[in-house]
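Worksheet: the structure to be examined is printed underneath.
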Amino acid sequence: MSLLRRNVSLQPYHTFGVDVQTAYYAEVLNPTELRDLFSEYPEDAEDILVLGDGSNVLFTSPFEGLIIRPLLHGITIEKETDQYLILRAGAGEKWDDVVQWAVNRNLGGAENLSLIPGTVSASPIQNIGAYGVEVGQVIEEVEAFSIQTGDLVCFSPEECGFSYRNSIFKGSEKGKYIITAVSYRFEKNPELHLDYGDIRQRLEGIDNPTPADVRRVVSDIRTSKLPDPAILGNAGSFFKNPIISLGHAEKLRQQYPDIPLYYISETERKISAAWMIQQCGWRGKRIGKVGTYEKQPLVLVNYGGATGAEIFETAQIIQWEVEHQFEVALDIEVNVF
Ligand code: FAD
Ligand code: EPU
Numbered sequence: 012m013s014l015l016r017r018n019v020s021l022q023p024y025h026t027f028g029v030d031v032q033t034a035y036y037a038e039v040l041n042p043t044e045l046r047d048l049f050s051e052y053p054e055d056a057e058d059i060l061v062l063g064d065g066s067n068v069l070f071t072s073p074f075e076g077l078i079i080r081p082l083l084h085g086i087t088i089e090k091e092t093d094q095y096l097i098l099r100a101g102a103g104e105k106w107d108d109v110v111q112w113a114v115n116r117n118l119g120g121a122e123n124l125s126l127i128p129g130t131v132s133a134s135p136i137q138n139i140g141a142y143g144v145e146v147g148q149v150i151e152e153v154e155a156f157s158i159q160t161g162d163l164v165c166f167s168p169e170e171c172g173f174s175y176r177n178s179i180f181k182g183s184e185k186g187k188y189i190i191t192a193v194s195y196r197f198e199k200n201p202e203l204h205l206d207y208g209d210i211r212q213r214l215e216g217i218d219n220p221t222p223a224d225v226r227r228v229v230s231d232i233r234t235s236k237l238p239d240p241a242i243l244g245n246a247g248s249f250f251k252n253p254i255i256s257l258g259h260a261e262k263l264r265q266q267y268p269d270i271p272l273y274y275i276s277e278t279e280r281k282i283s284a285a286w287m288i289q290q291c292g293w294r295g296k297r298i299g300k301v302g303t304y305e306k307q308p309l310v311l312v313n314y315g316g317a318t319g320a321e322i323f324e325t326a327q328i329i330q331w332e333v334e335h336q337f338e339v340a341l342d343i344e345v346n347v348f
């Protein structure tokens with residue numbers, strides 16, 4: 012039976028809730044089905060888009076090619092020592108189920124990344140990060156299907172080229188691989204990361220906090236300030252936090268003494284995009300069906316019935332206003348098609 016379906020609505024498969032269609036759609040359960048699919052769909056690889064849970068994408072027009080959703084399942088222990096455990100998860104598993112699995116066994120490493128929506132497969136793509144931790148710090152290996160050769164290949168964390176919201180899968184190797192599984196390393200005696208925001212403060216009174224305590228605190232912070240895509244369409248932060256030169260940062264600090272700046276290197280600082288967007292009057296501001304979230308202006312929200320093009324236009328207005336006021340370019344974090 013053919014794996015290919017024609018003219019499928021993408022509305023249930025992404026979190027912005029935009030109503031667009033894809034010309035071709037297929038769900039695959041294993042690498043054999045991937046090979047079968049490519050023999051059935053021999054078109055140009057540029058026409059192909061892999062989708063996980065669609066929590067970091069925006070479709071601005073109908074998709075003319077093939078959307079593939081790899082629903083490869085399974086969570087297995089690959090190795091265990093006195094110090095650590097290596098867990099392999101199939102691409103289609105939910106990322107937060109992996110975090111929960113580790114936390115339930117008092118294993119550390121992923122607890123700060125609690126409640127990030129999406130699949131295991133997408134976790135290395137933009138090197139998901141939150142509350143002072145990035146997934147690249149716990150990734151042991153990424154397994155992927157090469158669209159060009161049909162072979163399965165493995166990437167070490169070094170080969171993945173992880174950096175802030177980036178990896179080779181978003182850069183030089185974009186569109187060449189379909190991630191099929193990821194292995195993570197979790198520690199039995201973890202060093203907890205408590206320095207972001209008020210995490211440490213929220214844990215006061217707990218003598219020896221555990222990964223479960225950190226998960227609870229991070230989950231509380233997240234649910235208090237990020238919109239639930241099941242209620243309000245969104246894809247999390249729409250823009251990245253820009254990295255600017257020290258000279259530019261110092262100039263801005265003279266003008267805006269309370270500007271949030273974070274150390275990156277001797278010559279660079281990260282600047283809060285949410286703060287700049289808020290300064291431009293965009294916290295909770297709305298134009299028609301699109302706006303920024305009232306509790307976190309870095310998140311663009313579909314208030315119902317917006318098109319992808321309308322969301323993208325609003326993003327461009329925000330980019331223009333921030334650039335005009337701060338001379339800082341905001342890069343889009345979400346994958347726009
Ligand atoms: P998708 O959106 O489906 O895909 C994302 C990208 O990965 C696309 O380019 C897609 O082509 C590619 N891709 C997906 N699967 C594969 C595969 N198997 N092989 C090759 N390419 C693939 N992100 C953070 O980093 N930190 C956060 O704190 C955070 N908070 C969020 C909060 C909310 C409310 C929302 C809605 C999003 C948030 N995000 C956050 C963004 C998002 O959750 C992550 O980027 C997540 O990893 C996306 O997973 P997904 O399965 O939905 O990927
Ligand atoms: N801020 C404001 N106004 C706001 C919110 C934030 O001025 O309404 C300023 C404050 O100075 C605050 C600072 O921004 O202290 C940082 O805010 P927050 O902790 O919410 O983090 P963020 O930089 O806005 C980033 C990620 C989030 C991630 C959080 C927590 C990016 C692009 N975004 O947001 O990731 O969850 O940190 O680590 O790096 C995502 O990628 O989708 C995402 C939600």
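Per the numbering used here: the sequence shown = residues 12 to 348.
For each residue, glycine too, the CB sits at the ideal point set by N, CA and C.
At a cut of 8 Å, does the region 106 to 124 reach the region 158 to 168 through at least three beta carbon pairs? No contact exists between the region 106 to 124 and the region 158 to 168.
Could you check whether Phe197 and Tyr95 sit closer than 8 Å to each other, using their CB atoms as the reference points? For Tyr95 and Phe197, yes; Cβs fall inside 8 Å.
Taking the alpha-carbon of Asp58 as reference, which of Arg46, Asn67, Leu48 and Phe74 has the nearest alpha-carbon? Per the Cα distances, Phe74.
Is Gln32 a contact residue of ligand 1, with contact defined as CB to any heavy atom under 7 Å? No, the Cβ of Gln32 stays beyond 7 Å of every heavy atom of ligand 1.
Go ahead and pull the three-state DSSP assignment for Ile328. Ile328: helix per DSSP, three-state reduction.
Which of the three DSSP states is assigned to Arg294 in this structure? Coil.
beta-carbon Pro168 near ligand 1 non-hydrogen atom, thresh 7 Å: No; taking the cut-off as 7 Å, the Cβ of Pro168 has no heavy atom of ligand 1 nearer than that.
Heavy atom of ligand 2 within 7 Å of Leu203 beta-carbon: Leu203 Cβ: outside cutoff for every heavy atom of ligand 2.
Return the chain-ordered list of same chain residues with a C-beta closer than 6 Å to the C-beta of Ala121, the five sequence neighbours on each side being excluded. Within the same chain, Ala121 has close Cβ partners Val110, Ala113 and Val149.
For Gln307, report the span of its beta strand (DSSP E) as first-last. In this chain, the beta strand (DSSP E) harbouring Gln307 covers Gln307 to Asn313.
In whole angstroms, give me the CA-to-CA distance for Trp331 and Ile288. Using only the alpha carbons, I get a separation of about 11 Å.
Under the assumption that Thr71 contacts Ala320 (Cβ atoms under 8 Å), give the Cβ distance between them as a whole number of angstroms. At roughly 5 Å, the Cβ-Cβ gap stays under 8 Å, so Thr71 and Ala320 are in contact.
Considering only DSSP beta bridges, list what Val144 is partnered with. When beta bridges are read from the DSSP output, Val144 appears opposite Ala141.
Of all the options Asn67, Thr130 and Gly119, which has the alpha carbon lying nearest to the alpha carbon of His84? If we check each option's Cα against that of His84, Thr130 comes out closest.
Taking the alpha helix (DSSP H) that Lys262 falls in, what are its first and last residues? Leu257 to Gln266 is the span of the alpha helix (DSSP H), which, as asked, contains Lys262.
How long is the line joining the alpha carbons of Pro271 and Ser283, rounded to whole angstroms? If you take the alpha carbons of Pro271 and Ser283, they lie about 6 Å apart.
Should Thr303 and Gly316 be called a contact, given that it needs their Cβ atoms to be closer than 8 Å? Contact annotation: Thr303 and Gly316 have beta-carbon atoms that are not nearer than 8 Å.
Would you kindly report the start and end of the unbroken alpha helix (DSSP H) that includes Ala100? Taken as a continuous stretch (DSSP letters only), Ala100 belongs to no alpha helix (DSSP H), being part of the beta strand (DSSP E) at Tyr95 to Gly101.
Tell me which residue opens and which closes the alpha helix (DSSP H) that Ile210 is part of. Start and end: Ile210 to Arg213.
Tell me whether Glu277 sits in a helix, a strand or coil according to DSSP, three-state version. Here Glu277 sits in coil by DSSP.
Going by DSSP in three states, Val368 sits in which element: helix, strand or coil? Residue 368 is absent from the structure shown; the chain starts at 12 and stops at 348.
Proximity test, Pro238 beta-carbon vs ligand 1 heavy atom, cut-off 7 Å: A heavy atom of ligand 1 is found nearer than 7 Å to the CB of Pro238.
Cα-Cα separation between Arg116 and Glu324, rounded to whole angstroms: Distance between the alpha carbons of Arg116 and Glu324 is about 45 Å.
Helix, strand or coil for Asn123, going by three-state DSSP, please let me know. Of the three classes helix, strand and coil, the one that applies to Asn123 here is helix, per DSSP.
For a test of the three-state rule: what should DSSP assign to Gly76, helix, strand or coil? In the three-state scheme derived from DSSP, where H, G and I count as helix and E and B as strand, Gly76 is classed as strand.
Out of His335, Pro238 and Glu334, point me to the one whose CA is closest to Phe27's CA. Looking only at His335, Pro238 and Glu334, the smallest Cα-Cα distance to Phe27 is reached by Pro238.
Going by C-alpha to C-alpha distance, which of Asp218, Glu91, Leu82 and Gln336 sits closest to Leu40? Taking only the C-alpha atoms, the option nearest Leu40 is Leu82.
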